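Notes for the one structure printed next.
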Amino acid sequence: MSELNKKIAILGGGNMGIALAKGMVAAGKYRAEDITLTRRNTKLLEPMVAQGYRASSNNALAVAEADIIVLSILPQQLDSVLDTISESIDPSRHLFISIVTGVAVTDIISRIGKVVEVVRAMPNTAIAIQQSMTCIASKNASPQNMELVKEIFSAVGETVEIEEELMSSATALVACGIAFFLRSIRAAAQGGTEIGFHAGDALRMAAQTAKGAASLLLHFGSHPENEIDKVTSPKGCTIAGLNEMEHNGFSSAMIKGIRTSAQKAEKLYTDDK
Ligand SMILES: NC(=O)C1=CN([C@@H]2O[C@H](COP(=O)(O)OP(=O)(O)OC[C@H]3O[C@@H](n4cnc5c(N)ncnc54)[C@H](O)[C@@H]3O)[C@@H](O)[C@H]2O)C=CC1
Ligand SMILES: O=C(O)[C@@H]1CCC=N1
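Structure representation (structure tokens):
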């Protein structure tokens, strides 16, 4: 049995479902055989089955055999999945964890037609290497179940509990954020290539530098500007480059992008109805 002694069904064995399953097992707290991943075409889950996970195309059966149900399908796939499993749900046994963007706890309860405990979680793809930042929120979960969900996601990174109303903001900052920071690393590497480095070297140098910058903040608990002040020599080359970036809208582009993503996340489920 897993450390938490629970069977887990991850409905939607795609990018995040697989990353979550792998991260949980790699963290050493869960056994692959206690985790069932579902998707319509289970052939695509064969590599996971080879590693000991269970795979199924039958959501209702996976739910019936599990204690914890993780909803990891796209927002536009949610309603049909909930309709298929609603009869198999036992509110006294099942705990739902939903990572589906833009779907409220009340949306899930009203679609199922049963009052189940639902915790929303917003992780990111770094979950695969236990480096996720996961935001957690619920309107109706017990303190024990909130603790259980925190334990699950703490095994695969850092967690923070937030109000459900901030979930779309969390989606933009921590989930979409992976893409935003990756794009800025790619841009840095492209700049590196233009000034003389081979592409592979430039990318490695940019990625390690980004890791160092993030680690400084997490290690010292400092503000970025404190660390930036240590880099920018008077009349130096850093402030010259930094100001050139700001004149071209660097911070503004990031802020506007995050705001646009949050607005889109908020409407992802409802706009599809
Ligand atoms: N990709 C990311 O970085 C993050 C995604 N999310 C959210 O997580 C959810 C999943 O996202 P991804 O994994 O990226 O999407 P994905 O498209 O890779 O995975 C969804 C999976 O669900 C499967 N599926 C579709 N219909 C199904 C059904 N009836 N029964 C079982 N499985 C079915 C698909 O075959 C696919 O494998 C989405 O709601 C997304 O908004 C949340 C945080 C981060
Ligand atoms: O792009 C998306 O809609 C999903 C949600 C957060 C990250 N990926």
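Residue numbers (full-length UniProt numbering): 1 to 273.
Think of the CB as a built atom: it goes at the ideal place given N, C-alpha and C, for glycine as much as any other residue.
Since the model is a prediction, treat every value here as computed from it, not as a measurement.
- Remark: the C-beta of I195 is outside contact range of ligand 1, defined as less than 8 Å to any heavy atom.
- Residue environment for M245: exposed (fewer than 16 other C-beta atoms within 10 angstroms of its C-beta).
- Every residue with a CB closer than 7 Å to a heavy atom of ligand 2 is listed here in chain order: T101, T171, A175, C176, A265 and L268.
- When secondary structure is reduced to three states using DSSP, I73 falls in the coil class, being assigned neither helix nor strand.
- With a cutoff of 9 Å on beta-carbon distance, L182 and I68 are scored as not near each other.
- Take the alpha-carbon of G13 and the one of T270: they are about 23 Å apart.
- DSSP places V119 within a strand segment (E or B) once states are collapsed to three.
- Separation of S142 and Y53 (C-alpha to C-alpha, rounded to the nearest whole angstrom) is 29 Å.
- Judged by DSSP in its simplified three-state form, E163 adopts coil rather than helix or strand.
- In terms of side-chain proximity, the C-beta atom of I178 is found nearer than 8 Å to a non-hydrogen atom of ligand 1.
- Contact check for A210 and I185: beta-carbon distance about 5 Å, within the 8 Å limit, so the pair qualifies.
- Here I127 carries a helix assignment [DSSP, helix/strand/coil].
- T159 counts as buried, since at least 16 other C-beta atoms from the protein chains shown sit within 10 angstroms of its C-beta.
- Rounded to the nearest whole angstrom, the C-alpha separation of I18 and I239 is 42 Å.
- DSSP, read as helix, strand or coil, puts T36 in strand.
- When only Cα atoms are considered, Q190 and A213 end up about 18 Å apart.
- A distance criterion of 8 Å places the beta-carbon of V49 beyond contact range of ligand 1, judged by its closest non-hydrogen atom.
- Here the C-alpha atom of S57 lies approximately 14 Å from the C-alpha atom of L82.
- Of all alpha-carbon atoms in V100, L61, V103 and S80, the one lying nearest the alpha-carbon of D90 is that of L61.
- Of the heavy atoms belonging to ligand 1, at least one sits nearer than 8 Å to the Cβ of P75.
- DSSP places T134 inside the beta strand (DSSP E), whose first and last residues are S132 to A137.
- Of the heavy atoms belonging to ligand 1, none sits nearer than 8 Å to the Cβ of L166.
- Residue A121 holds the alpha-carbon nearest to the alpha-carbon of S72 among E163, L44 and A121.
- In the DSSP assignment, F96 falls within the beta strand (DSSP E) that extends over L95 to S98.
- Partner residues in the beta bridge of L11, as assigned by DSSP, are T38 and L71.
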